[in-house]
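Participant: Supplied in structure tokens, the structure appears directly below.
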Amino acid sequence: MQDVRSWWGHLADIWPNPRELLRRRGVVKALPDLALAAFWTLGLAVACVSIFARDLWRLLWSRVNPRSPRNLQRREWQRQHRTLMELLARDPGTPISPVGREPALASPHAQQPAAERGCRIFSRVPPEIRRQILVAAFGHQTIHMDLRFRPPLHLTDREPFDGWEVHARARARAAQAPTGHPRPDRCQQECLRTWKWFSCVCHRWDPDRTAPLSLGRRQNYRWAQFGEPEADQCLGGSGRYFEAMDVLYTTNTIHISSSVLLQHLPDLLPSHVLARLRSLELVWQPRELPISHGFLPTNPAGSNRPQPLFPRLAYLRISFHRFAMNNIDDATDMMLPYDNKQLLSERLHENLLPQVDELVHRIAPPAAEVTLSCARWDWYELMDLALLQKQGKEATSMQRADIDGLRCWRTMPSRTAEAPADVEAAAQPCSPRAGYWIHVPIGHVRLDNSYGYDWQRNELYGLGTQRLI
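201 is the number that full-length UniProt numbering gives to position 201 of the sequence shown; each next residue is one higher, with no gaps.
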């Protein structure tokens with residue numbers, strides 16, 4: 001604002017004053033300068049009016065023209081919302097086909113077991129051996145599950161030309177198509193968008209550099225490019241996955257970063273499928289979906305969801321998308337880098353952690369091992385020592401995490417147990433959850449900073465004489 005005032009002040013200084021000019025030079029000698037000043041004054045006024053009229057016309061035309069980008073985007077958003085509501089209104093038992101393939105028509109032949117139609121030799125193998133084969137083929141991995149509103153994918157077995165990335169046999173379109181290769185029309189591609197469910201095996205870790213853990217999890221390492229849960233290309237999987245659903249859900253870790261699935265997964269999958277899940281990685285982006293809205297029923301009044309939502313869950317990890325510097329951290333609503341550590345601590349302990357508590361109570365059984373991975377070291381250094389001071393050293397149990405990094409135990413505040421909805425659930429003993437792990441990934445650990453190495457934390461975590469930098 002000060003710059004605008006200074007500019008207008010300089011403009012007033014160089015603009016001629018007609019009364020002063022006439023008094024000093026007379027009418028005849030001042031006429032050329034007065035005419036020039038009147039010309040530029042009129043031109044400036046016309047230019048300002050023209051700019052205002054052009055902007056006003058663009059605004060009106062964008063609302064009147066049905067093919068304007070604004071109206072096209074608005075209709076696309078309405079179609080996206082309408083088709084999502086139709087998808088949520090379907091029977092959860094209806095299968096959702098992968099890679100946009102339509103489900104096969106029901107027929108007596110299609111209803112026969114796949115083993116009888118396909119490989120009769122495999123059907124004669126004893127069930128125990130058959131399951132071991134399926135586990136060896138499809139188990140002990142991290143599987144991406146994704147549902148997004150996107151154009152159709154073009155499957156290929158090789159990279160067609162330089163500049164096009166191929167992942168999970170799906171060809172990702174580059175920002176600029178190379179010269180000499182046709183590129184589909186943008187409007188045509190946008191009109192083909194639809195909700196598509198994809199899955200693929202996770203490719204974030206190098207198997208030679210990461211130690212395997214239970215249920216397909218792997219130990220992270222510091223310099224892995226995708227070492228922590230992040231938005232990944234969750235693309236087309238093979239149809240063979242649907243022949244061994246029980247093996248997929250009970251022996252693998254399911255990685256979910258889609259905000260639609262984080263909110264509506266119980267509306268898309270039947271309850272018996274949710275009951276099979278054993279390990280989950282949830283990657284949150286609070287700008288798209290607040291944590292408090294995670295896995296909430298679409299119609300709370302008529303909802304009969306079980307509590308917890310995933311009764312057989314053994315491992316649950318909640319993490320966040322990476323926050324870029326000089327941008328808003330949507331989890332705490334603060335600008336990066338943080339300039340007020342006291343305010344950050346208040347928002348973490350009074351806002352973020354209570355939301356995580358409610359989410360964990362809603363979806364995870366008391367016996368499940370729950371881990372909350374901090375998005376930045378700034379979060380963790382404001383939590384671990386505060387928990388140590390509040391809970392004591394034995395209760396906080398500061399240690400190195402099995403997935404690498406540091407972790408400490410947070411005891412959850414006590415809450416009144418809710419009465420189960422059905423008689424069978426009421427007959428079963430239900431113990432409250434004690435707490436969960438607060439974790440910082442190995443790539444975010446900053447024990448060696450500008451003030452020197454933090455030997456206090458090094459000793460508290462029992463890291464020994466070897467520095468963890």
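The beta-carbon is built from N, C-alpha and C at its ideal position, and this holds for glycine as well. All of these numbers come straight from a predicted model, not from anything done at the bench.
#1: Going straight from the alpha carbon of R276 to that of L56, what length do you get?
#2: Which residues in the same chain have their Cβ closer than 8 angstroms to the Cβ of L359, if we skip the five residues on either side of it in sequence?
#3: Give a yes or no on contact between the stretch 454-465 and the stretch 389-404, applying the rule of three or more CB pairs nearer than 8 angstroms.
#4: Can you list the alpha helix (DSSP H) stretches of 4 or more residues lying completely in the stretch 339-378, in chain order?
#5: Can you tell me which of S450, M383, R376, S414 puts its alpha carbon nearest to the alpha carbon of I442?
#6: Let me check understanding here. Comparing Cα to Cα, which of D454, L309, D339, Q355 lies closest to W284?
#7: Could you check what DSSP says for L468 in three-state terms: helix, strand or coil?
#8: Mind checking whether V273 and G139 have CB atoms under 8 angstroms apart?
#9: Bridge partners for V283 per DSSP, in chain order?
#10: Short of 8 angstroms in beta carbon distance, which residues of its chain neighbour C408, apart from the five on each side in sequence? Order them along the chain.
#11: Can you name the start and end residues of the beta strand (DSSP E) that D333 belongs to?
#12: Three-state secondary structure (DSSP) at H444?
#13: Have a look at L309 and P365 and give me their C-alpha separation to the nearest angstrom.
#14: For residue 474 versus R312, is the C-beta spacing smaller than 8 angstroms?
#15: Grouping DSSP H, G and I as helix and E and B as strand, with all else coil, what is residue 533?
#16: Rounded to a whole number of angstroms, what is the C-alpha to C-alpha distance between L34 and R70?
#17: What span of residues does the alpha helix (DSSP H) with D454 cover, start to end?
#18: Ordered along the chain, which non-local residues of its own chain (more than five positions away) have a Cβ less than 8 angstroms from that of N340?
#19: Would you kindly work out how many angstroms separate the C-alpha atoms of N65 and L353, rounded to a whole number?
#20: Go ahead and pull the three-state DSSP assignment for T251.
#21: Please list, in chain order, all residues of the same chain as L88 whose beta carbon is under 8 angstroms from its beta carbon, the five residues on each side excluded.
#22: Could you compute how far the alpha carbon of R362 sits from the alpha carbon of L60?
#23: Relative to the C-alpha of R322, which residue among L42, I121, M85, H444 is closest?
#24: In this structure, how does DSSP classify Y436 when only helix, strand and coil are distinguished?
#25: For the alpha helix (DSSP H) containing M85, list its first residue and its last residue.
#26: Between the Cα of R410 and the Cα atoms of A314, D357, D329, E76, which residue gives the shortest distance?
#27: Using the Cα positions of R79 and E86, report the straight-line distance between them to the nearest angstrom.
#28: Could you tell me the distance, in whole angstroms, from the CA atom of S450 to the CA atom of E381?
#29: What's the gap between the Cα of V201 and the Cα of H144?
#30: Give the single residue among E369, Y315, Y338, A314 whose Cα lies nearest to the Cα of M325.
Facilitator: Taking the geometry as given:
#1: In a straight line, the C-alpha of R276 is about 58 angstroms away from that of L56.
#2: Once the five neighbours on either side are set aside, the close Cβ partners of L359 are I291, S292, G294, F295, I318.
#3: Output reads yes: the stretch 389-404 touches the stretch 454-465.
#4: Those alpha helix (DSSP H) runs which fall completely within the stretch 339-378 and span 4+ residues are 341-347, 353-363.
#5: Among S450, M383, R376, S414, the Cα nearest to that of I442 belongs to R376.
#6: It is Q355.
#7: Of the three classes helix, strand and coil, the one that applies to L468 here is coil, per DSSP.
#8: When the beta-carbon positions are compared, V273 and G139 stay at least 8 angstroms from each other.
#9: Per DSSP, the beta bridge partners of V283 are S319.
#10: Closer than 8 angstroms at the Cβ level, and outside the excluded window around C408, lie M383, D384, L387, L388, T396, S397, M398, Q399, W437, I438.
#11: Segment: none, D333 is in no beta strand (DSSP E) and carries neither H nor E.
#12: Correct three-state label for H444: helix.
#13: Between the alpha carbons of L309 and P365 lies a gap of roughly 8 angstroms.
#14: An answer regarding residue 474 cannot be provided, because it is not within the stretch 1 to 469 covered by the chain.
#15: The structure shown has nothing for residue 533, since the chain only spans 1 to 469.
#16: C-alpha separation (whole angstroms): 46 angstroms.
#17: Per DSSP, D454 belongs to no alpha helix (DSSP H) and is neither H nor E.
#18: For N340, the CB contacts under 8 angstroms within the same chain, skipping 5 residues up- and downstream, are M334 in chain order.
#19: Cα-Cα distance, rounded: 48 angstroms.
#20: The DSSP-derived three-state label of T251 is helix.
#21: So the qualifying residues of the chain are H264, D267, L268, T298.
#22: Rounded to whole angstroms, the gap between the alpha carbons of R362 and L60 is 48 angstroms.
#23: With distances taken between Cα atoms, R322 lies closest to H444.
#24: Note: Y436 maps to strand in three-state DSSP.
#25: Residue range 69-89 is occupied by the alpha helix (DSSP H) that includes M85.
#26: Measuring from the Cα of R410, the nearest candidate turns out to be D357.
#27: The alpha-carbon of R79 is positioned some 10 angstroms away from that of E86.
#28: S450 and E381 have their alpha carbons spaced roughly 15 angstroms apart.
#29: Computed Cα separation, rounded: 6 angstroms.
#30: If you compare the alpha carbons of E369, Y315, Y338, A314 with that of M325, the shortest gap goes to Y338.
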